[in-house]
Amino acid sequence: MFHGKSILITGGTGSFGRQYARTILKSYRPRRLVIYSRDELKQFEMQGEFNDPCMRFFLGDVRDFERTRQAFQGVDYVIHAAALKQVPAAEYNPTEVIRTNINGAENVIRASLEAGVEKVMALSTDKAANPINLYGATKLASDKLFVAANNIAGNKITRFAVTRYGNVAGSRGSVMPFFARLIRDGADHLPITDERMTRFWITLQEGVDFVLKNFHRMVGGEIFVPKIPSMRVVDLAKAMAPDLPLENIGIRPGEKLHEIMCPRDYAHITWEFADHYVIEPTIRFTDHNVDYGNNAMGETGSRVEPDFEYNSGENEHFLSVEELQDLNAKLGV
């Protein structure tokens, strides 16, 4: 579906955008692949890495509606990855995070509708489910905006969906490169916020592949959640530095012990498929009725149990220390 199409990635110079671009260029022949971001240095560096003639680099910020509207002209598919994501930074700088994660989401929706974009996939986070920190709250608001956008689209072609997943192994914001840097610098211990802490764990390529497949699956209004393993932070530390002692430093501002991707309160609108879950909208759209138990790829799901919750601390699959070591080796960490 991406052959001959124009694709735009907001926040495209980040970890996800780079890997998404590599994957698209390897597997498809897009007409244009637009990288929309505000960091000119990262765009310059990315231009040196990618020399495909379909690549376009567009400086701008999703906070700026007029610039975003210009960037979206002639675009078929949008992946909205731009966000401020650091949990402690969000606690200390709430208005800045609101402007990017909520106001920016509204601008992406408006620009998509005006430009006649066919499909928009917004990236979410496990922190948006039952949020306790500002980052999670802003992403919950963003998710609600993108779901409801299907209701205001009217007879326009544009459809919106959301992909939610957990921590990305090896990404700039994950604990893995932080531990790796400490180990390289000769640290005599590794800091652990809490020995009980767990996280959902997905590789960057798995996240990219999931988003790509969801473009095929989506009909509009869904939140897609992959079935992925959990890991214990203490096990990751042991996998990376088995001989280093651990020091408990306490939970950071806005941090959870465990993450949730499908809240129990949404069990009545959650569908289980072979390799993922779908949370259907809490609202009903005026212009179309959708059976979210059957997606556009012909996959069929079933309702989850009434008390179902997808929680990183109660996951069926936890990565062992050995599995984490193998994964780190594959990622070159």
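Read in my numbering, the sequence shown has 154 at position 159, and its numbers run on one by one without any break. Heads up, the beta-carbon is just placed ideally off N, CA and C, and yes, glycines get one too.
- When the alpha-carbon of ALA85 is set against those of ILE74, ALA132 and TRP266, the nearest one is in ALA132.
- The three-state reading of DSSP puts PRO186 in strand, counting E and B together.
- By the CB criterion at 8 Å, GLY161 and ALA76 fall outside the cutoff.
- Around GLY12, the same chain offers ILE4, GLY6, ILE30 and ALA76 as residues with beta carbons nearer than 7 Å, after the five sequence neighbours per side are excluded.
- When the Cα atoms are used, ILE264 and VAL82 turn out to be separated by approximately 28 Å.
- Counted as a single uninterrupted DSSP element, the stretch harbouring ASN290 is not any beta strand (DSSP E), since DSSP gives it neither H nor E.
- Sequence-distant Cβ neighbours of ASN306 in its own chain, meaning closer than 7 Å and more than five residues away, are HIS253 and ILE255.
- Burial check for ASN46: the Cβ neighbour count within 10 Å stays below 16, so the residue is exposed.
- For VAL229, the closest of MET171, VAL214, CYS257 and ASP138 by C-alpha to C-alpha distance is MET171.
- No Cβ-Cβ contact shorter than 8 Å links ARG26 with GLY43.
- Contact annotation: MET213 and ALA156 have beta-carbon atoms nearer than 8 Å.
- With distances taken between CA atoms, PRO240 lies nearest to ILE178 out of ARG64, ILE178 and GLU304.
- In this structure, the alpha-carbon of GLY249 lies about 43 Å from that of PRO48.
- Every beta strand (DSSP E) stretch that sits fully inside the region 208 to 282 and reaches 3 residues is listed by chain position as 218 to 221, 225 to 227, 241 to 243, 255 to 257, 265 to 267 and 271 to 274.
- In the DSSP assignment, PHE313 falls outside any alpha helix (DSSP H), carrying neither H nor E.
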